[in-house]
Structures are given as structure tokens and as C-alpha cells.
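Chemist:
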Amino acid sequence: MEYTDSITGRKMSFLAQPVPSKPEWLVVCSLPYDYFFGGLKSIQHSIIIVMGVAFVVILLSLLFALNQFLRPLLELTKSISELASDSADLTQKIEVRHKDEIGEVVKGFNLFTDKLRNMILDIKTSQETLDSVSVDMSHSASDTSSIMAQISTSIDDLHTQLGEQACTVAETV
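So in my numbering, spot 161 of the sequence shown is number 182, and the numbers just go up one at a time.
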């Protein structure tokens with residue numbers, strides 16, 4: 022229990038325990054409050070300091086782990102953003118540094134960009150072929166138009182000659 026010493030004015034603590042062989046007797050120990058609880062205060066302060074340090078260490082460890090975990094995702098996000106931009110560079114690949122789920126996503130992204138690049142190259146090649154065929158067809162159409170004009174002129178000439186021969190035959194008859 023606690024009390025204040027009337028002579029010194031100090032806060033005191035005492036402990037009373039009956040003597041087992043003489044229950045009417047009571048052993049009392051009285052000491053200043055700091056003797057009983059002073060050690061507990063220093064232990065309490067030590068525990069608070071240790072818990073604070075442990076909290077800081079755990080927080081720094083979590084930040085480091087999150088940084089290590091999120092860095093590949095940030096690189097993937099940056100690459101996808103660059104791919105979606107106007108200067109889409111499909112030759113870029115993301116380096117696979119991890120053999121976990123993030124690494125698998127990065128591998129899948131690299132495969133996707135490879136296939137997309139190949140598809141675009143095929144489309145470009147097809148466009149060049151179509152452009153060449155279009156030019157050839159344009160020349161062929163122009164040549165055909167010239168030939169058709171010549172045939173039309175020949176038919177007109179033939180028609181005129183037939184008309185003249187018909188007149189000649191009619192005169193001869």
C-alpha cells in the first residue's frame with residue numbers, strides 16, 4: 022500500500038505479511054515509493070525505447086520490401102505508358118529480374134510487344150506490296166484505256182470503210 026510519511030513528506034510504500042506460526046504477529050516493510058517502483062519505471066522506459074526502435078526498424082524494412090516489390094511494377098507501368106504514347110517503341114524490352122508473378126507478367130508483356138511488332142511489320146510489308154500492286158494496276162488500267170481507245174478508233178475506221186464498200190458495191194450493182 023502507499024502512504025505519505027508525515028515526518029519527511031515522502032511518498033512511501035509498505036508491505037505487510039502475517040507470520041505463519043504466529044498469526045497475531047504482522048511483519049511490515051516500509052520503503053520509499055521509488056525503491057519499489059523506481060526499477061519498474063526504468064524498465065518501462067527501456068521497453069518504450071525498444072518498442073520505438075523496433076517500430077522504426079519494422080517500418081524501414083516494410084518500406085524497403087515494398088520498394089523492392091513495386092519497382093518492377095513501376096517499370097512495367099512506365100513501359101506500358103511509353104507503348105501507349107505517340108512514340109511507341111516496340112523494340113523495347115523490360116529486363117526480367119524476378120522469378121515470381123511480376124516476372125511472369127513482364128515476360129508476358131515482352132511476348133505481347135514482340136507479337137505486336139511482328140504484326141505491324143507484316144502489315145507494313147503487306148502495305149508496301151499493295152502499293153506496288155496498285156501502281157502496276159494503275160499502269161495496266163492506263164494501258165488498257167489506251168488500247169481500248171485504239172480499238173474504238175479502229176472500229177470506227179472499219180465502220181467507215183464498210184460504209185464506203187457498201188456504197189461501192191451498190192454503185193457496182
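We put the CB at the ideal spot given by N, CA and C, even for glycine. The model shown is predicted, which means the values in this text are computed figures rather than measured ones.
1) Determine the DSSP secondary structure at Lys32, reduced to helix, strand or coil.
2) Suppose you measure from the CA of Ser175 to the CA of Glu185; what does that come to, to the nearest Å?
3) Taking the C-alpha atoms as reference points, what is the distance between His66 and Asp55?
4) Does the beta-carbon distance from Ser82 to Phe58 come in below 9 Å?
5) Are the CB atoms of Thr134 and Leu97 nearer to each other than 9 Å?
6) Check this for me: beta carbons of Pro271 and Ile64, under 9 Å apart or not?
7) Give me the Cβ distance between Val117 and Lys128, rounded to the nearest whole Å; I'm assuming they're in contact under 8 Å.
8) Please return the same chain residues whose Cβ sits closer than 6 Å to the Cβ of Arg138, not counting the five positions on each side in sequence.
9) What would DSSP say about Glu116, mapped onto helix, strand or coil?
10) Measure the alpha-carbon distance for Ile141 versus Ser147 and round it to whole angstroms.
11) Output the distance between the C-alpha atoms of Lys145 and Ser155, rounded to the nearest integer angstrom.
12) Specify the secondary structure class of Pro39 as computed by DSSP and reduced to three states.
13) Looking at Gln113: is its Cβ nearer than 9 Å to the Cβ of Glu125?
14) Would you give the residue range spanned by the alpha helix (DSSP H) that Val74 belongs to?
15) Quick one: Cα of Asn131 to Cα of Gln171, how far?
16) Could you name the residues that DSSP lists as bridge partners for Ser51?
17) Establish whether the CB of Ala170 and some CB of chain C are separated by less than 9 Å.
Modeler: Let me spell this out:
1) strand
2) 15 Å
3) 15 Å
4) no
5) no
6) Nothing in the structure corresponds to residue 271, since the chain is present only between 22 and 194.
7) 6 Å
8) Leu111
9) coil
10) 10 Å
11) 15 Å
12) strand
13) no
14) 54-105
15) 60 Å
16) Phe35
17) Given the protein chain composition of this structure (a single chain), no chain C is represented.
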